[in-house]
Amino acid sequence: MPDQIRVTAQARCSPAQLWHTLVDNRAAWWPELDFTASPGAPLTERAADGGAQQATGTVLAVARGRLLSFRWTKPGWSGHTVVSFQLDAAPGPDDDDALDRAEAPGSSAGWQGSTGMDYTDVVVTESGLGTIAAGGDVVAAHTGDWADHLADLIKLAEDASGT
């Protein structure tokens with residue numbers, strides 16, 4: 001059983017827009033999750049029907065526009081996992097020329113591609129799964145869950161940025 005899940009995608013919006021959606025507009029893409037983006041802040045996830053608490057945790061790290069990390073556990077788990085959302089400005093598909101311009105000494109081009117769009121690479125990881133009893137079941141369930149959450153996050157961020 002793997003100890004870590006890793007789900008990646010690219011969004012057609014800036015890291016700032018994706019961060020805003022991830023943190024400030026979180027209820028629109030993951031309404032069951034509640035937290036403040038501040039290290040040490042509590043985090044809770046409730047059932048979709050508003051019922052019993054499903055998970056509890058603590059925000060571990062926040063680097064505005066780049067990183068959100070938290071530790072959480074669920075009833076019946078024998079340990080906890082660490083979840084991280086990493087956001088990185090990126091060239092868009094087939095934007096090798098834009099990448100060369102952005103990396104040129106003294107360039108202020110940034111990662112905006114030839115289409116004039118900003119792009120963001122998003123990586124979601126959940127680690128520590130090997131410490132949980134029935135971790136294999138958690139890996140199977142959470143791999144799909146993280147892909148779904150990431151798709152919802154990106155769609156909302158892209159819609160908000162008009163792309």
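When we follow full-length UniProt numbering, the leftmost residue of the sequence shown carries the number 1, and every step to the right adds one.
For each residue, glycine too, the CB sits at the ideal point set by N, CA and C.
It should be emphasised that the depicted structure is a prediction, and the values quoted were computed from it without experimental measurement.
Coil, strand or helix - residue i by DSSP
i, result
"Trp146", "helix"
"Asp88", "strand"
"Arg26", "helix"
"Trp19", "helix"
"Ser69", "strand"
Bridge partners - residue i, DSSP secondary structure assignment
i, result
"Leu33", "Glu45"
"Ser127", "Gln4 and Val82"
Distance CB(residue i)-CB(residue j) smaller than 8 Å
i, j, result
"Trp29", "Asp152", "yes"
"Pro2", "Val139", "yes"
"Arg71", "Gly57", "yes"
"residue 205", "Ala37", "In the structure as shown, the chain starts at 1 and stops at 163, and residue 205 therefore has no counterpart that could be examined."
"Ser78", "Thr131", "yes"
"Val23", "Gly40", "no"
"Leu156", "Thr73", "no"
Any non-hydrogen atom of the ligand FAD within 7 Å of residue i CB
i, result
"Leu43", "This structure lacks the ligand FAD; in fact it carries no ligand of any kind."
Buried versus exposed call for residue i [16 or more other C-beta atoms within 10 Å across all chains shown]
i, result
"Ala104", "Below a pLDDT of 50, predicted positions are generally treated as unreliable, and Ala104, at 49, falls in that range; no measurement from the model is reported."
"Trp111", "With a pLDDT of only 45 at Trp111, under the threshold of 50, the placement of this residue in the model should not be trusted, and no figure is reported."
"Ala90", "buried"
Checklist entry - Are three or more beta carbon pairs between the segment 7 to 18 and the segment 114 to 134 nearer than 8 Å? => result yes
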